[in-house]
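Peer 1: First the structure, which I've put down as structure tokens, then a few questions once you've had a look.
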């Protein structure tokens with residue numbers, strides 16, 4: 154019984170530490186130009202947001218949120234969003250690995266006139282850490298998460314880390 158309680162306390166402490174670390178990371182890189190949405194809010198059944206994946210194609214093909222539209226980051230073009238989401242009143246959630254690249258893309262969307270744009274707090278890493286499903290390019294559920302590179306893989310708490 155004591156061992157179980159000890160293990161639970163350790164796991165809870167790790168979870169709190171990981172959350173605080175993501176907080177610190179996002180505060181370091183982001184300027185909060187776009188409001189965040191939590192993974193729990195996005196996962197709610199009646200959330201009808203269009204989900205945009207701002208990672209590179211190899212990341213998207215390895216793992217993405219269901220029904221997410223790939224828009225990329227390095228070669229992002231606002232015209233690609235206009236074609237896929239012509240109504241600027243549409244609710245849009247942008248995500249990446251942890252929420253840094255997605256803030257940049259979401260900010261571009263706001264500047265282009267999209268009115269309801271949010272950044273997924275903690276990105277696909279936080280999504281997977283909360284046991285929500287991700288899908289590969291065959292649209293099959295997967296535990297593999299593309300972590301961009303080895304350095305960034307430390308932020309993924311659950312799943313199989315994939316990087317080149």
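Numbering (our numbering), first residue to last: 154 to 317.
Where a beta carbon is used, it is the ideal one built from N, C-alpha and C, also for glycine.
Mind reading off the beta-carbon distance from residue 247 to residue 270? Whole number of angstroms is fine, and I expect it under 8 Å.
Peer 2: 7 Å
Peer 1: May I ask you to verify whether the stretch 199 to 208 touches the stretch 240 to 258, counting CB pairs closer than 8 Å and requiring at least 3?
Peer 2: The stretch 199 to 208 vs the stretch 240 to 258: in contact.
Peer 1: To which residues of the same chain is residue 299 closer than 6 Å at the C-beta, ignoring the five residues directly before and after it?
Peer 2: 212, 215, 216 and 315
Peer 1: What does residue 217 pair with, by DSSP beta-bridge criteria?
Peer 2: 288
Peer 1: So, is the C-beta of residue 179 closer than 8 Å to a C-beta in chain C?
Peer 2: Annotation note: the requested chain C is absent from the structure, which comprises a single protein chain.
Peer 1: Under a three-way DSSP split, which group does residue 248 fall into?
Peer 2: strand
Peer 1: Would residue 253 pass as a contact of residue 183 if the rule is Cβ separation under 8 Å?
Peer 2: The Cβ atoms of residue 253 and residue 183 lie closer than 8 Å to each other.
Peer 1: In three-state terms, what does DSSP make of residue 297?
Peer 2: strand
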